[in-house]
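S.K.: One structure is given below, represented as structure tokens, and several questions about it will come after.
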Amino acid sequence: MQHPARFVILLTSVALIPWRPLTADDLPALQEVELISTLDSEVQHVRYWAPNHSEKPRPLFVFLHSWSGNYQQDNSRWLTEAVKRDWIYVHPDFRGVNQTPKACGSKFARQDILDAVDWARKTFSVDPSRIYLAGVSGGGHMAMLMAGHHPDRFSAVSAWVGISDLAEWYRFHSPDGKPQRYAQMILKCLGDAPGQSKTVDDDYRDRSPVFHLHQAKGLPVDIAAGVHDGHSGSVPVAHSLQAFNQLAQIYNAPQISEVEMQQLWSDRKLAAPTASDLVSAADYPRTVYLRRSAGPSRVTIFEGGHESLPDVACNWLQQHHRTITIATSRRYTGHGSE
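Structure, rendered in structure tokens:
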């Protein structure tokens, strides 16, 4: 028989252990799997983590790497949010760095993400009402693009400092008509500058979220950007604002005006904020300069630059439940280690 005194001592010692937040050193190693694209049969790499007790249906969190990254990119801050919530974490490659024709939002890159989702749903016990997608910068571009092209595949989407119009972004990074780094990368993906032919322009449109988000009715989409982005960063806030306006049209909600967009760009604040723009510090960890909503979606322009707030994003995502009924089997090869 266990001695009562020993039992009490054990409880007391546990209670005295101080709580501390999860750090990068606490994070589990990611595992790796190779998937075969269902579109062109090319091998695609995916890194992932799943809770040990994953027989219980858990949320699936798909995080997308940035413009110049790939599946090996260190996104520990986002993995941290998944681990502390016991979410299954999936980090696909979707053709890697945006410098080849099959990258940069192509139909192949989009299918890679769907294949990764389908693999995860086949492999783990996934809660079909909590399939979340998020990304930052180039990952924000891809998250919005998936929301527009495949709104029926996700429960909620969070996109940070994302590119919504590739043609506009090409022009922004081609001062005096001379393509700089990001414009040069776009050329490697799309083959030519916008305006050179109908075929080229159609490809730019196909890969630009602003032309597809009108199809995302019913899908909660969270769009956010730091007000200084485009000045100190690479993506002007207008990309986030124009993306939101496409969602606003779906719900007949007020759109962000050109005057407001210009004020945020030139003055980095609104001359006359609306009631919804006045967000308290208790509700958001940064000063908010604009907050608008349309249906289940929202946009936030906050004090910051080309950056993201993973805890804010995941706190918002976890509020949303939307059952995704599509689940298919996909081919994949064996598991590897990190």
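Residue numbers (numbering that gives the first Met the number 0): 0 to 337. In this text, a Cβ means the ideal position worked out from N, Cα and C, and glycines have one as well.
1. Taking the alpha carbon of Ala252 as the reference point, which residue from His213, Val234, His227, Ile87 has its own alpha carbon closest?
2. Can you tell me whether Trp86 is helix, strand or coil according to DSSP?
3. Would you grab the beta carbon distance between Arg152 and Leu189 for me? Rounded to a whole angstrom, and I think it's under 8 Å.
4. Verify whether the separation of the beta carbon atoms of Asp73 and Val160 is less than 8 Å.
5. Among Arg170, Ser196, Asp175, Pro174, which residue has its Cα nearest to the Cα of Ile185?
6. Assuming Ser279 is part of the alpha helix (DSSP H), what are its boundary residues?
7. Does DSSP put Ser75 in a helix, in a strand, or in coil?
8. Does the Cβ of Leu422 have 16 or more other Cβ atoms within 10 Å, making it buried, or fewer, making it exposed?
9. Using 8 Å for Cβ pairs, my map puts Ser163 next to Val220. What's the rounded Cβ distance?
10. Please list, in chain order, all residues of the same chain as His320 whose beta carbon is under 7 Å from its beta carbon, the five residues on each side excluded.
11. Tell me which residue opens and which closes the alpha helix (DSSP H) that Ile112 is part of.
12. Have a look at Val226, Gly217, Ser233, Trp48 and flag the residue whose alpha-carbon is nearest the alpha-carbon of Ile249.
13. Evaluate Leu165 with the Cβ neighbour count: other Cβ atoms within 10 Å of its Cβ, from every protein chain shown; 16 or more gives buried, anything less gives exposed.
14. Since I believe Val135 is in contact with Ser207 (beta carbons under 8 Å), could you give me their beta-carbon distance rounded to a whole number of angstroms?
15. Give every residue of the same chain whose Cβ lies closer than 6 Å to the Cβ of Trp348, excluding the five residues on either side of it in the sequence, and list them in chain order.
16. Spatial neighbours of His238 within its chain, please: CB distance less than 6 Å, with the 5 preceding and 5 following residues excluded, ordered by chain position.
17. Between Asp39 and Ile255, what straight-line distance do the alpha-carbon atoms span, to the nearest angstrom?
18. Would you identify the three-state DSSP class for Ile35, choosing helix, strand or coil?
19. Could you tell me the boundaries of the beta strand (DSSP E) in which Tyr339 lies?
20. Pick from Pro272, Gly304, Pro284: whose alpha carbon is nearest that of Arg290?
21. Thinking Thr286 and Glu306 are a contact (beta carbons under 8 Å), I'd like their distance in whole angstroms, please.
22. Taking the alpha-carbon of Gly139 as reference, which of Gly294, Val61, Asp117, Ile35 has the nearest alpha-carbon?
23. Might you give, ordered along the chain, the residues of its own chain that have their beta carbon closer than 7 Å to the beta carbon of Ser124, omitting 5 neighbours on each side?
24. Rank Gly95, Leu78, Arg109 by C-alpha distance to the C-alpha of Thr37 and give the top, closest one.
25. How big is the Cα-Cα spacing for Pro193 and Asp200?
26. Spatial neighbours of Ala270 within its chain, please: CB distance less than 8 Å, with the 5 preceding and 5 following residues excluded, ordered by chain position.
27. Measuring alpha carbon to alpha carbon, tell me which residue in Ala293, Ala281, Thr299, Ser292 is nearest Lys268.
28. Would you report the Cα separation of His340 and Val234, rounded to the nearest angstrom?
29. How many angstroms separate the CA atom of Val156 from the CA atom of Ala312?
30. Please classify Ala133: does DSSP put it in a helix, a strand, or coil?
31. Among the residues of its own chain, which have a CB less than 7 Å from the CB of Ala182, if the five just before and after it don't count?
32. May I ask which residues mark the beginning and end of the alpha helix (DSSP H) holding Pro309?
33. May I ask you to report which of helix, strand or coil DSSP gives Tyr47?
34. Identify the continuous alpha helix (DSSP H) that holds Leu212 and give its terminal residues.
35. What number of angstroms, rounded off, separates the C-alpha of Ala343 from the C-alpha of Glu259?
36. Skipping 5 residues on each side, what residues in its chain have a beta carbon closer than 7 Å to that of His44?
M.R.: Checking against the coordinates, here is how it stands:
1. The count along the sequence shown starts at 1 and reaches residue 252 at position 253. Considering only alpha carbons, the answer is His213.
2. Residue mapping note: residue 86 aligns to position 87 of the sequence shown, counting from 1. Coil at Trp86, not helix or strand.
3. On the sequence shown, residue 152 is found 153 positions in, with the first residue counted as 1. On the sequence shown, residue 189 is found 190 positions in, with the first residue counted as 1. In this structure Arg152 is not in contact with Leu189, their Cβ atoms being roughly 25 Å apart against a cut-off of 8 Å.
4. As a working mapping, residue 73 is identified with position 74 in the sequence shown. As a working mapping, residue 160 is identified with position 161 in the sequence shown. Cβ distance not < 8 Å, so Asp73 and Val160 don't count as in contact.
5. Against the sequence shown, residue 185 aligns to sequence position 186. A check of alpha carbon separations from Ile185 across Arg170, Ser196, Asp175, Pro174 identifies Arg170 as the nearest.
6. As a working mapping, residue 279 is identified with position 280 in the sequence shown. Premise fails: Ser279 is in no alpha helix (DSSP H) and is neither H nor E.
7. In the sequence shown, counting from the first residue as 1, residue 75 sits at position 76. The three-state reading of DSSP puts Ser75 in helix, counting H, G and I together.
8. Not covered by the structure: residue 422. The range shown for the chain is 0 to 337.
9. Residue 163 sits at position 164 when you count from the first residue of the sequence shown. Residue 220 sits at position 221 when you count from the first residue of the sequence shown. By a beta-carbon distance limit of 8 Å, Ser163 does not contact Val220. Their separation comes to about 12 Å.
10. Here the question's residue 320 lines up with position 321 in the sequence shown. If you ignore the 5 residues before and after His320, its C-beta comes within less than 7 Å of the C-beta of Ser128, Arg129, Ser154, all in its own chain and listed in chain order.
11. Here residue 112 corresponds to residue number 113 of the sequence shown, with the count starting at 1. Boundaries of the alpha helix (DSSP H) around Ile112: 106 to 122.
12. As a working note, residue 249 is residue 250 in the sequence shown. If we check each option's Cα against that of Ile249, Gly217 comes out closest.
13. Residue 165 sits at position 166 when you count from the first residue of the sequence shown. Counting Cβ neighbours within 10 Å, Leu165 comes out buried, since at least 16 surround it.
14. Sequence index remark: in the sequence shown, residue 207 carries index 208 (1-based). Sequence index remark: in the sequence shown, residue 135 carries index 136 (1-based). Actually they are not in contact, since the Cβ atoms of Ser207 and Val135 sit about 18 Å apart, beyond 8 Å.
15. Past the edges of the chain, shown from 0 to 337, lies residue 348, and the structure says nothing about it.
16. As a first step, residue 238 is located in the sequence shown; it is residue number 239 there, counting from the start. Closer than 6 Å at the Cβ level, and outside the excluded window around His238, lie Ile162, Ser163.
17. The residue you call residue 39 lines up with position 40 of the sequence shown. The residue you call residue 255 lines up with position 256 of the sequence shown. If you take the alpha carbons of Asp39 and Ile255, they lie about 40 Å apart.
18. The residue labelled residue 35 in the question sits at position 36 within the sequence shown. Three-state result, Ile35: strand.
19. Look at the range of the chain in this structure, 0 to 337, and you will see that residue 339 is not part of it.
20. Position 291 of the sequence shown holds residue 290. Among Pro272, Gly304, Pro284, the Cα nearest to that of Arg290 is on Pro272.
21. For this step, residue 286 is matched to residue 287 along the sequence shown. For this step, residue 306 is matched to residue 307 along the sequence shown. Contact between Thr286 and Glu306 does not hold, since the beta-carbon distance rounds to 14 Å and is not under 8 Å.
22. Here residue 139 is taken as the residue at index 140 of the sequence shown, counted from 1. Here the closest residue by C-alpha is Val61.
23. As a first step, residue 124 must be located in the sequence shown, where it is residue number 125. Here the set comprises Ser53, Glu54, Lys55, Pro56, Arg57.
24. By 1-based counting over the sequence shown, the position of residue 37 is 38. Measuring from the Cα of Thr37, the nearest candidate turns out to be Arg109.
25. For this step, residue 193 is matched to residue 194 along the sequence shown. For this step, residue 200 is matched to residue 201 along the sequence shown. Each residue's alpha carbon lies about 6 Å from the other.
26. Taking the first residue of the sequence shown as position 1, residue 270 is located at position 271. So the list reads Gln262, once near-sequence residues are dropped.
27. Counting from one through the sequence shown, the residue named residue 268 turns up at place 269. If we check each option's Cα against that of Lys268, Thr299 comes out closest.
28. What is shown of the chain runs 0 to 337, which leaves residue 340 out entirely.
29. Residue mapping note: residue 156 aligns to position 157 of the sequence shown, counting from 1. Residue mapping note: residue 312 aligns to position 313 of the sequence shown, counting from 1. The alpha-carbon of Val156 is positioned some 9 Å away from that of Ala312.
30. Position 134 of the sequence shown, counting from 1, holds the residue named residue 133. If DSSP states are grouped into helix, strand and coil, Ala133 belongs with the strands.
31. Within the sequence shown, numbered from 1, the residue matching residue 182 stands at position 183. Once the five neighbours on either side are set aside, the close Cβ partners of Ala182 are Tyr169, His172, Ser173.
32. Along the sequence shown, read from residue 1 onward, the residue named residue 309 stands at position 310. Where Pro309 is concerned, the enclosing alpha helix (DSSP H) stretches over 309 to 316.
33. Residue mapping note: residue 47 aligns to position 48 of the sequence shown, counting from 1. Residue state, collapsed to three classes: strand.
34. By 1-based counting over the sequence shown, the position of residue 212 is 213. No alpha helix (DSSP H) holds Leu212; DSSP gives it neither H nor E.
35. Outside the shown range of the chain, which is 0 to 337, sits residue 343, and nothing can be said about it.
36. Here residue 44 is taken as the residue at index 45 of the sequence shown, counted from 1. Apart from the 5 residues on each side of it in sequence, His44 sits with its Cβ closer than 7 Å to the Cβ of Glu31, Glu33, Tyr70, Asp92 in its chain, given in chain order.
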